[in-house]
Amino acid sequence: MSETQIIHRLDELQEDVKEISQALVTLARIEERQDTANKAIERLWQRIENYETRIDQIERRLGNQTQIALLWSAMVVMGGVIGYLLNLVS
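The sequence shown begins at 6 in this note's numbering and counts up by one.
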């Protein structure tokens with residue numbers, strides 16, 4: 006192999022190393038973006054879980070209030086019925 010061929014081959018290898026280096030930099034940037042996106046997704050899931058917890062608490066509280074409201078409504082209706090029957094009897 007002549008000296009010019011060796012130099013040409015070394016130049017080609019150097020160019021290949023540059024391309025590989027650029028590809029590795031690109032892959033590192035992609036990985037950083039993925040990490041950032043994964044962290045953002047994790048934060049969103051955490052917020053969703055917090056909202057689910059809050060909604061469950063509100064539903065339980067409203068469920069209890071609904072039961073109390075129904076109980077009072079039934080008592081008012083029963084009071085009305087008793088008053089009506091007492092009015093009929095007298």
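All residues carry an ideal CB built from backbone N, CA and C; glycine is no exception.
None of the values given here were measured: they were computed from a predicted structure.
When the Cα atoms are used, what is the spatial distance from residue i to residue j?
i	j	result
GLN10	VAL22	18 Å
THR58	ASN92	51 Å
MET6	ALA33	38 Å
ILE25	LEU18	10 Å
TYR89	THR71	27 Å
ASN55	GLN39	24 Å
GLU20	THR31	17 Å
Answer yes or no: does any C-beta atom of chain C fall closer than 8 Å to that of residue i?
i	result
ASP21	Note that chain C does not occur in the displayed structure, where there is just one protein chain.
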